[in-house]
Each structure stands twice: as structure tokens, then as C-alpha cells.
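Have a look at the structure below, then the notes.
Protein chains: 2
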Amino acid sequence: MNQSLNHRRPLVSVDLAIFSMLHGDLSVLLVKRRDEPFDPHPGLWTLPGGLIDTNLDKDLEHCAQRRLKEKTGVRAPYVEQVGSWGSASRDPRGWSTTHVYFSLIAEDEASPISGGNADELRWAPLDGSRVRGKLAFDHSDLLKAAVGRLRGKAEYTSVPAFLMPAEFTLGELQRAYEIVLNRTLEKKAFRTRMLATDLLESTPRYQEGPNRPARLFRLTHKRRPFFFTRPFRPR
Amino acid sequence: MNQSLNHRRPLVSVDLAIFSMLHGDLSVLLVKRRDEPFDPHPGLWTLPGGLIDTNLDKDLEHCAQRRLKEKTGVRAPYVEQVGSWGSASRDPRGWSTTHVYFSLIAEDEASPISGGNADELRWAPLDGSRVRGKLAFDHSDLLKAAVGRLRGKAEYTSVPAFLMPAEFTLGELQRAYEIVLNRTLEKKAFRTRMLATDLLESTPRYQEGPNRPARLFRLTHKRRPFFFTRPFRPR
DNA sequence: TTAATAGTGTCTTTCAGACACTATGTC
DNA sequence: GACATAGTGTCTGAAAGACACTATTAA
């Protein structure tokens with residue numbers, strides 16, 4: 001037998017940074033680790049995920065979708081791989097690797113968290129690239145990378161549109177971008193940019209309010225995000 | 236003991252797409268698999284890489300650098316993670332994952348391939364995102380993703396500059412971009428863009444030729460690539 | 001001189017930014 | 001009417017594109 005196959009094999013897991021926009025905050029879903037004797041970091045919060053199950057999962061994407069469904073009960077409109085991490089030290093149980101995905105869930109899909117198992121779940125609002133409190137393992141780093149990717153994509157793609165509920169106004173979409181980017185954007189430029197894509201379609205409905213009603217839009221059935229030719233002006 | 240630790244562990248490897256510009260072709264370094272009894276795909280070519288050695292490697296980056304050094308004998312000026320792949324079917328020996336990195340080697344560093352072990356190595360010129368001939372495992376897909384990343388980065392970053400030798404002319408740099416992007420670029424726009432960065436510094440030397448000598452430039456000691464505010468115009 | 005590539009001047013085009021303006025609802 | 005937010009008209013500005021022009025070498 002080939003000697004290299006006898007190398008000690010690392011642990012392999014998939015972790016998810018599942019984002020949603022809740023009460024005006026970009027938030028990420030966290031799971032509390034159970035208090036069990038041989039578990040490292042019992043009681044600490046982590047990104048949802050876990051070891052690959054070589055019987056259940058046919059590939060990494062599939063594993064990510066399975067975990068997502070398990071925690072949120074929904075199929076996310078957008079999932080993207082952020083990257084992978086692996087080292088001898090990130091998990092006290094030994095050499096381990098993780099494949100990190102981020103996904104965006106619409107605000108109105110985000111509430112029914114659970115999905116079957118009784119893990120303790122919590123939506124944590126982001127403060128910059130961090131949440132309050134310490135995360136287990138290197139999950140703060142993973143989260144930071146995922147938030148960085150989302151912010152980066154917000155500069156020049158339509159990715160944040162996947163945070164929106166079924167119907168939404170351009171004002172709401174702009175606010176979502178502003179929260180992700182943590183800066184204000186110019187209204188006209190934003191609207192022109194968004195309407196130039198083939199991603200939004202106008203509905204015949206309006207959102208009523210204490211002032212002029214706003215046109216409701218919905219996403220067309222494009223799966224892929226739109227890439228703008230220029231980023232928003234940095235400040 | 237936690238049951239999940241008893242899951243069968245996947246194989247974990249790191250693979251590298253090492254690019255260089257050779258004789259006017261963007262080329263990638265390949266290794267020939269040895270003809271051994273239990274090895275899958277004996278005699279086929281693959282991207283260099285291999286299983287993580289949990290004794291030697293402290294993390295994935297370190298493993299990538301070690302493999303790179305092993306094959307090329309040089310430390311690449313640029314290494315970037317492309318992503319990770321994993322499935323039950325990509326390796327006949329069982330569930331396996333790989334972490335893919337791409338790196339750029341200057342033309343004048345690329346010749347002394349070897350580095351200690353006597354693997355059969357070859358620089359294969361790229362035709363689109365492929366090389367002539369079949370690669371083992373899913374390495375054609377990994378290569379395609381790595382080439383796609385390099386091309387993508389060429390649109391709006393200075394990344395291809397890391398393909399250049401110690402001193403080079405702006406014309407040579409433009410040709411490198413044109414080969415990577417597989418289209419011509421407008422000279423003035425290209426020069427203005429490149430000189431607006433703080434990446435190039437003028438040397439007092441010129442490259443002599445059968446016509447007007449061209450100023451030689453070198454890279455400043457910036458490690459990070461420069462991100463331009465707009466991509467080159469798509470065609 | 002010619003051939004060839006290096007390098008520039010300058011006008012056009014594109015699209016984001018700024019910002020004032022109008023529109024339309026509730027109260 | 002006031003107020004608030006929706007939505008537009010239009011000028012400015014920054015950087016790329018086009019392309020003709022000049023510069024400098026060898027032969």
C-alpha cells in the first residue's frame with residue numbers, strides 16, 4: 001500500500017456564515033456548543049457546521065446545503081465558498097481543516113430558525129466584522145473573512161440583493177447595501193446602477209407608508225449576481 | 236468519545252497551479268504520476284501537490300509553500316488560495332478534499348525546475364483554460380478555476396506583474412497582460428494605469444534592441460497587488 | 001533614409017457623484 | 001398647508017478608450 005495513505009488524516013469540516021438582515025442589523029447565525037465531556041470549548045458559540053459525514057455527503061457543496069437546511073429549514077438563494085483553513089493548532093483534537101461558505105437569507109425567511117434538532121441557535125448582530133463575545137476555535141477569523149467577502153462583493157456586485165424579502169423597494173435595497181458597506185450611498189447613482197441590471201423587475205404594487213408610496217420590486221429568476229463595471233466610490 | 240470523531244476521515248491534499256510565462260505562453264507546471272501498483276491514474280499528469288503531512292506541515296499555507304519549494308526551488312512572489320474541492324468520487328481511494336493555490340513565478344526563475352526529487356516535471360502551455368492531454372483526477376477542473384482566477388484578477392489588479400523578471404519594460408508587462416487576458420489592450424490606457432500605481436519604479440537602464448530602447452522598470456517591494464478602480468473594458 | 005517599437009497629447013466616451021428639483025402620499 | 005420619503009434632470013468630474021502624433025534607436 002502506498003505509504004502516503006497511511007499519513008494521519010486531518011479532521012474535515014464545513015462551516016457556514018449565514019447572514020440575514022434583522023431589525024436593521026446585518027446578523028450572523030450562531031450555534032452554542034453542547035456541554036459534553038470530550039468536546040472542546042463547551043458552551044461557546046460557533047458558526048454552524050461540523051464534520052463531513054462521508055456517508056451522507058456526496059461533496060462539499062452538498063454538505064454545506066445540508067447543514068444550512070438543518071439549521072434554517074430554508075434553501076438559501078445564495079451560497080458562495082469563502083475559502084478553507086487548516087492547521088495543526090486550530091482544533092485541540094488535532095490537525096483539522098474547514099471549508100467555509102457564506103450564504104444570505106432573506107429577512108422574512110430568517111425567523112423560523114430551528115429545523116428539527118434542538119441546538120441552541122441565535123442571530124448575532126455584527127459590529128464591524130465581529131460579534132459580541134468570543135467564538136470557539138478560530139471562528140472569529142472565519143467570520144471576519146466571510147464578512148470581508150460580503151462587503152467586498154457589495155462594492156461591485158448585486159450580491160446583497162439576495163438579503164431582500166420577496167418584494168422590496170429600492171430604498172430598502174439601498175439601506176441593505178448601506179448597512180453592509182457601513183457608509184451612505186448616493187441615491188441617484190444607486191438607483192441608476194440597480195435599474196441598469198436585469199435583476200429587478202417592477203411589480204404593480206406599492207409599499208404604503210406615512211408618505212409617498214414606493215414601487216415594489218422583486219428579483220427576477222436570475223441565479224447569478226450581476227457584476228457592475230465600477231465599484232462604488234471609496235470614501 | 237464523541238461519536239462524530241469516529242466518522243471516516245477524508246484524504247486531505249493541497250494542489251498547486253504554478254504559472255509562468257515561457258516563450259510567450261502562459262504555462263502551468265505539471266508532474267507525472269509514478270507507475271506504482273496502488274496508485275490511481277499511473278503515468279497521467281497532474282498539478283503538483285499531494286497529501287497533507289500532519290507531521291511536517293503546520294498549516295495549509297505552509298504545505299503549499301513547501302510543495303512549491305520542492306518542485307521549483309524558489310519562493311513564489313505571489314501565492315493565493317483559489318478554493319477547495321471535496322467529494323466522494325474525485326479520487327478512487329475514497330472521500331477526498333483538496334485545497335488549491337495558484338502561484339506566479341517569474342520567467343527567469345522558472346527554468347530550474349527540479350529541486351531535489353526526481354519527479355518528472357513539465358511546463359505545459361495553456362490553450363484557453365486547458366492543457367493538451369488529459370489530467371488525472373479532477374485536475375482539469377482545478378486548473379480551469381485557477382486560470383479563471385488569474386484572468387479575473389488581471390482585469391482589475393496588478394497580479395500579472397508578478398510574472399515579470401527582475402527588470403522589464405512596460406511593453407513586456409503589457410504583453411504579459413495580453414497573453415493572460417487573450418486580447419489586446421490599448422497602449423496609452425495601459426501605461427497610464429500602471430504608472431499610476433506605486434508598484435513600478437524606473438531604473439536608470441534601458442533595454443536595447445533593433446529600435447528605440449525601452450525604459451526598464453522593476454517592482455517596488457510592495458507585497459500586495461494593486462486594485463485598479465475599473466476593469467479593462469470588456470470586448 | 002526606413003523600419004520598428006517607445007512613448008505622448010489630446011479629444012471622446014462612459015458612468016458615477018453631486019445636488020437641486022419635482023412628485024405623491026399622510027397628517 | 002407641512003412633512004417625509006420617492007423618484008428625476010442635469011451638470012460635473014474622473015478615468016478609460018481611441019488614435020494620431022512625436023522620439024529614438026539600429027541598420
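Protein sequences, first through last, are from chains A and B. Residue numbering for the first sequence follows the numbering used here, starting at 1 and increasing by one per position. Residue numbering for the second sequence follows the numbering used here, starting at 236 and increasing by one per position. Glycine included, each C-beta is placed from N, C-alpha and C at the ideal position. Since this is a predicted model, take the numbers as computed values, not measurements.
Could you give the DSSP three-state label for residue i: helix, strand or coil?
i: Leu158 of chain A; result: Reading the sequence as shown, one finds Ser at residue 158 of chain A and not Leu. Coil at Ser158 of chain A, not helix or strand.
i: Ile52 of chain A; result: coil
i: Ile179 of chain A; result: helix
i: Glu80 of chain A; result: strand
i: Arg426 of chain B; result: helix
i: Thr404 of chain B; result: coil
i: His139 of chain A; result: helix
i: Lys134 of chain A; result: coil
i: Glu436 of chain B; result: strand
i: Ser388 of chain B; result: According to the sequence provided, residue 388 of chain B is Lys. The question's Ser does not apply to it. In this structure, Lys388 of chain B counts as helix in the three-state DSSP scheme.
i: Asp25 of chain A; result: strand
i: Asn379 of chain B; result: With the sequence shown as reference, residue 379 of chain B is identified as Lys, and Asn is not the correct amino acid for it. Lys379 of chain B: helix per DSSP, three-state reduction.
i: Leu265 of chain B; result: strand
i: Phe462 of chain B; result: strand
If distances are taken between C-alpha atoms only, which option among the options comes closest to residue i?
i: Leu434 of chain B; options: B:Lys388, B:Asp326 and B:Pro460; result: B:Pro460
i: Lys379 of chain B; options: B:Lys388, B:Pro283, B:Glu390 and B:Val366; result: B:Val366
i: Pro312 of chain B; options: B:Ile253, B:Leu257, B:Leu370 and B:Arg269; result: B:Ile253
i: Arg269 of chain B; options: B:Leu279, B:Ser262 and B:Ser364; result: B:Leu279
i: Ile340 of chain B; options: B:Pro327, B:Leu385 and B:Arg447; result: B:Leu385
i: Asp288 of chain B; options: A:Gly24, A:Asp39, A:Ser27 and A:Trp95; result: A:Trp95
i: Ser248 of chain B; options: B:Arg301, B:Gln409, B:Met256 and B:Ala424; result: B:Arg301
i: Ala214 of chain A; options: A:Thr169, A:Gly83 and A:Pro125; result: A:Thr169
i: Leu16 of chain A; options: A:Gly83, A:Leu22, A:Ala154 and A:Arg230; result: A:Gly83
i: Thr72 of chain A; options: A:Leu142, A:Gln207 and A:Arg122; result: A:Arg122
i: Leu181 of chain A; options: A:Ala189, A:Asp91, A:Glu167 and A:Tyr156; result: A:Tyr156
i: His258 of chain B; options: B:Pro360, B:Phe425 and B:Glu413; result: B:Pro360
i: Val159 of chain A; options: A:Phe137, A:Thr197 and A:Leu142; result: A:Thr197
i: Leu291 of chain B; options: A:Arg8, A:Asp25, A:Asp91 and A:Glu36; result: A:Arg8
i: Ser324 of chain B; options: B:Leu246, B:Leu261, B:Leu295 and B:Ala299; result: B:Leu246
i: Tyr441 of chain B; options: B:Gly406, B:Leu420 and B:Arg458; result: B:Gly406
If contacts are defined as beta-carbon pairs under 8 angstroms, then residue i and residue j qualify, I think. What distance do you get, rounded to the angstrom?
i: Ala146 of chain A; j: Met164 of chain A; result: Actually they do not touch by this definition, with Cβ atoms about 19 angstroms apart.
i: Arg453 of chain B; j: Glu436 of chain B; result: 6 angstroms
i: Phe463 of chain B; j: Arg428 of chain B; result: 6 angstroms
i: Leu303 of chain B; j: Ser255 of chain B; result: Actually they do not touch by this definition, with Cβ atoms about 12 angstroms apart.
i: Leu286 of chain B; j: Leu377 of chain B; result: Not really, about 15 angstroms apart at Cβ, beyond 8 angstroms.
i: His99 of chain A; j: Gly321 of chain B; result: 7 angstroms
i: Glu167 of chain A; j: Thr203 of chain A; result: 6 angstroms
i: Val31 of chain A; j: Glu120 of chain A; result: 7 angstroms
Note down, in chain order, every chain A residue with its Cβ under 8 angstroms from the Cβ of residue i.
i: Ala323 of chain B; result: Thr54, Asp57, Lys58 and Asp59
i: Gly318 of chain B; result: Gln81, Gly83 and Ser84
i: Val247 of chain B; result: Arg9, Pro10, Val12, Gly86 and Thr97
Counting along the chain, where does the beta strand (DSSP E) carrying residue i start and finish?
i: Leu361 of chain B; result: No beta strand (DSSP E) holds Leu361 of chain B; DSSP gives it neither H nor E.
i: Ile18 of chain A; result: Leu11 to Leu22
i: Arg450 of chain B; result: Ala449 to Leu454
i: Leu104 of chain A; result: Ser96 to Ile105
Starting from residue i, trace the alpha helix (DSSP H) in both directions and tell me its first and last residue.
i: Ala299 of chain B; result: Leu295 to Thr307
So which residues on chain B does residue i lean against when the C-beta distance must stay under 7 angstroms?
i: Arg8 of chain A; result: Thr289
i: Thr229 of chain A; result: Arg465 and Pro466
Cβ of residue i within 8 angstroms of any heavy atom in the ligand FAD?
i: Ser27 of chain A; result: Only the bare structure without any ligand can be found here, which leaves the ligand FAD out of the picture.
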